[in-house]
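Quick notes on the structure that follows.
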């Protein structure tokens, strides 16, 4: 099995790319349960699987698994299949391929051939598409003679969550001679969809265009019950069929009036309902898909050479839409299709208000892709309150004067549904500018614009204008806006202006390009948006803003009030955008935060590159900020809401005249936001501490009204580098400099007093600010072009000496041999200090506020200043006192040692008898000073566990201490903390208040700076009797064996703990003696949940996440390959090609532990206890039977252990069955 994890055992991120090309997989049979006979791959974030270049899969059979040839489970990685042939493969679901897409990832199949493949469902392919997944067939895919032998979908079985952001598109695929056969032995309907069976749950919105079968070609397919080529089970099947022209997105090469209707069928119910229906119910509700889209309509034709007095027929067309036959019938109950041969015009108002059926305007002839023109004259406009479709139309606007309320297309009602497909919008030839809006959507309604192209337009109005105050949405997709200039000062915004005032409003922009869109005298060069009501949302996906300009918000200007949300996701780009005389070269975001309502701005994936913010000559002090983004937060933002999250922000080479080259933030809770999470994680995107320029991210803690009325000097003095707000800042209180030339080693000596200085990291910056005329003790460095000298140099091996701990007053000292550069008699020097060589601070820890260096010059012979002499005397006195105390201590040591041991045992005993509240809140306010170490409990590769006593309560805890300096260390302990909290809370909430929780209780978490590094402290419940490993070792040392009764008692305890997890769909994944802890009352607690996972609802397995090799079941060790794939360590956790993991894997681990306890050696180790190579151990576990337990143990006990070590996980005994065994059940009281 191919397995790609997001993280390894230590939590470090890794990416995997696997390529399989020109390979043959043939005659492979998998008799036991398992998926993907040839390839079984589970792909997580960052991973990629490529199968290409004439690879072939022939006679691959999985008799009881999914995906006869290939099984792909995609959680965040992706797969590319191209030029692959799959012949005569068989599986339960997906004879050739099984694909489950469980994330917002696109999987493309290109030039794939499925021949004579079969399965119960999905003879060629079976796919689940959830959580926004995307599946696309293109470049001559082919399904030939594939079969659903006793189910549905001869060629394809596609199951979709229609309510998600999914995509399923057939761009180019042939399905021929495939069949779906019925089988009455199944409880659900079978025999539907000879070519494709398309099903799912949720309501599909056709406006999104996410379901598109235009490239489907179908020939001679058969289905026993319905849908010879396509059967659709979907609540909105009628709406989907009617969207577009004559089933455009549904029918592929199906031909109305020629093809047999039974080729395409469907039923308007969801998957769950369909599966519960009888044949009679299905037959009564299903329909031919053609009947959904084929309704009677009246046709009218226009042509540039036509005559408005003619009948407007195809042979005698009219000239304009004002023709009597069109204007008088436009609102008749019959559906109206108006065809434009070459061009038509509208000179007056046409009101379209008939709700019975849609009105369609499109080009003619129907097989042409050439656009027809509609000229909208000065007083012409469409007023629309119902469904109207414009397709393949080139709109041209003529305008003489500014007509703010006379748009070309006006959606004026909640019931309006305006849809533009494959249209263009231009100015009339010869005009310099236009003065009216192209599309104005007012009040509400659901609208869609796809593949609109608009270029070279100068207008005093917006191209698209939205003002919703009722329920409504607009989806703009795959559209291009190029060289659009909005001129004048009367209208706000650029190309698009959107105001959303209703809670249900949605404005989605997907796969669009805005190039050189400008708002010369306003904000938002491409888009200006306001959200004025709660829950309204703007989403921008895979959209580019290139060379867009405005006064502020060159690409986008957004003002969000009352819980509104702005989301940028999936590779958005802002390149070379500019705020010409304001703020926010790429984006200007104005957010309002109140106690009960918090606006949201989320960037999951967006690039800002080469954007600029330029100062306005008229308002120089408050402009020129935020080259990429300018962000205002009005009111008090609550960071715990996570509504302001810029994690996906990527910044490169942006500039701003006055501050924040890539980001400038202005809000009162700026510091709290920066400090929330780990090291500015919600603020900085791809900004890197210690590498990126400090000026990239800056901000001010103030309100916008104060900012706008402040002078440039006032703003600059209150400006912060944002890294300053999440970094540990040293505090300088006093500096002394002495020069003694008689000291030939280091005549120039510096002494710095302060706190929060980190030994080994502290450095200083000495700044020469110019001639010595006057002295300002607190110097603002940015006022000068200063010469800087940083000590120690990067390559120095001698750090600054720091005496004292950061939390108290410290003294730092260093000296220099070369002092000739230090012209202190003629120049002014100031000093700053830093812990990271980036953020330098002075008095009170203020950034760029340094201390003046006043030099004390000592005469010859005065080699030591007075303070050093005093310091030496004090140190000598302390040494003498220490010697006296040591002598006294040696006399007392023997007696005190016994007392100390007794006292320590008292502390531990207190921990043994203490009772913890199972509902106790998780404490994050503890500090290291709150605890006193009692003894070390254990040490691992990355952590040390201590027994500690809380000073104030005398309670005893187990405290796991982990370094917290690197990203790997941070991710590992935070992941462990979150998983343990989640599991503990899940179990706590699932049972009765009196149940005993068999999971070690997480009690608290805090960070502490220990000397030269950060450490994380995870506070846990203390288990006084150690772990099961200690128990086993003690038995070995004493030469004793455990009794049957005691063995069953321990099994009852351990299995009770495991069952508590399994009953809540949790797999521990790393059970071993070290992770089974024993309380004072001998009750069992499980620990170390770093690899534990919760099984997804609707499944009975999860991805194998790792574990400790000696305790992994054979199902997790099969198909191990190269010996160099493993660490030569019995605790290695890097496992390749693992199969799916079920609760049975935990039972195997318990069986192995109990075997060790009973036999005092591993069931696959030699009896002499010697180690064996790891690969040999793997071979034994997967191929050999475990050793026999000693015969003096009872048959029932030996049988139970043997049942736990059954190699087939599907036949392995379960925790529930174990608890019902009488010898085990005897010990289950109060478990």
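Numbering (the UniProt record's numbering), first residue to last: 1 to 1231.
Don't be surprised by glycine CBs; every beta carbon is placed ideally from N, CA and C.
The structure displayed is predicted, hence computed values, not measured ones.
Along the beta strand (DSSP E) that carries residue i, what are the first and last residues, could you check?
| i | result |
| --- | --- |
| residue 104 | Note, residue 104: premise wrong, no beta strand (DSSP E); not H, not E. |
| residue 1086 | 1084 to 1086 |
| residue 975 | Looking at the DSSP string, residue 975 is not in any beta strand (DSSP E); the run it does join, the alpha helix (DSSP H), is 967 to 990. |
| residue 133 | Unbroken run through residue 133: none, as it is neither H nor E. |
| residue 1062 | Segment 1044 to 1062 is the alpha helix (DSSP H) holding residue 1062; no beta strand (DSSP E) there. |
| residue 1155 | Segment 1144 to 1159 is the alpha helix (DSSP H) holding residue 1155; no beta strand (DSSP E) there. |
| residue 663 | 663 to 667 |
When we look at the beta-carbon of residue i and count the other beta-carbons within 10 Å, is it buried (16 or more) or exposed?
| i | result |
| --- | --- |
| residue 806 | buried |
| residue 385 | buried |
| residue 829 | buried |
| residue 295 | exposed |
| residue 1157 | buried |
| residue 881 | exposed |
| residue 1046 | exposed |
| residue 105 | buried |
| residue 297 | exposed |
Residue i: beta carbon under 7 angstroms from a heavy atom of the ligand ADP?
| i | result |
| --- | --- |
| residue 304 | As far as ligands go, the structure on display features none, and thus does not contain the ligand ADP. |
Alpha carbon to alpha carbon, what distance is there between residue j and residue i?
| i | j | result |
| --- | --- | --- |
| residue 87 | residue 600 | 51 angstroms |
| residue 46 | residue 77 | 5 angstroms |
| residue 1093 | residue 553 | 44 angstroms |
| residue 508 | residue 704 | 29 angstroms |
| residue 517 | residue 624 | 20 angstroms |
| residue 479 | residue 556 | 17 angstroms |
| residue 53 | residue 592 | 54 angstroms |
| residue 31 | residue 65 | 9 angstroms |
| residue 742 | residue 798 | 22 angstroms |
| residue 333 | residue 447 | 22 angstroms |
| residue 215 | residue 40 | 29 angstroms |
| residue 630 | residue 665 | 6 angstroms |
| residue 947 | residue 934 | 5 angstroms |
| residue 775 | residue 850 | Low confidence applies to residue 775: its pLDDT is 49, below 50, so where it sits in the model is not reliable enough to give any reading. |
| residue 1099 | residue 165 | 22 angstroms |
| residue 1163 | residue 1204 | 12 angstroms |
Using C-beta distances below 7 angstroms, list every residue in its chain close to residue i, excluding the 5 sequence neighbours before and after it, in chain order.
| i | result |
| --- | --- |
| residue 351 | 383 |
| residue 311 | 325 |
| residue 1228 | 1052, 1056, 1219 |
| residue 306 | 317, 318, 319 |
| residue 112 | 81, 84, 141 |
Does residue i get closer than 8 angstroms to chain D when you measure Cβ to Cβ?
| i | result |
| --- | --- |
| residue 797 | You won't find chain D in this structure, because it holds only one protein chain. |
Leaving aside the five residues before and after residue i along the sequence, list all residues of the same chain whose C-beta is less than 6 angstroms from its C-beta, in chain order.
| i | result |
| --- | --- |
| residue 531 | 500, 560, 564 |
| residue 287 | none |
| residue 1225 | none |
| residue 511 | 477, 478, 542 |
| residue 909 | Low per-residue confidence applies at residue 909: pLDDT is 40, beneath 50, and the placement is therefore not dependable, though the value from the model is reported in the following sentence. None. |
| residue 1242 | In the structure as shown, the chain starts at 1 and stops at 1231, and residue 1242 therefore has no counterpart that could be examined. |
| residue 589 | 558, 601, 631 |
| residue 36 | 67, 70, 71 |
| residue 765 | 788, 790, 832, 840 |
What distance in whole Å lies between the Cβ atoms of residue j and residue i, which are believed to be in contact at a cut-off of 8 angstroms?
| i | j | result |
| --- | --- | --- |
| residue 232 | residue 207 | Between residue 207 and residue 232 the Cβ distance is about 18 angstroms, and since that is not below 8 angstroms, they are no contact. |
| residue 729 | residue 756 | 6 angstroms |
| residue 75 | residue 108 | Not a contact, Cβ separation roughly 18 angstroms. |
Below 8 angstroms CB to CB, which residues in the same chain sit around residue i once its five sequence neighbours on both sides are set aside?
| i | result |
| --- | --- |
| residue 203 | 162, 163, 235, 236 |
| residue 681 | 647 |
Under DSSP, the alpha helix (DSSP H) around residue i begins and ends at which residues?
| i | result |
| --- | --- |
| residue 271 | 271 to 276 |
| residue 24 | First-last for residue 24: 24 to 30, but that is the beta strand (DSSP E), not the alpha helix (DSSP H). |
| residue 1195 | 1195 to 1204 |
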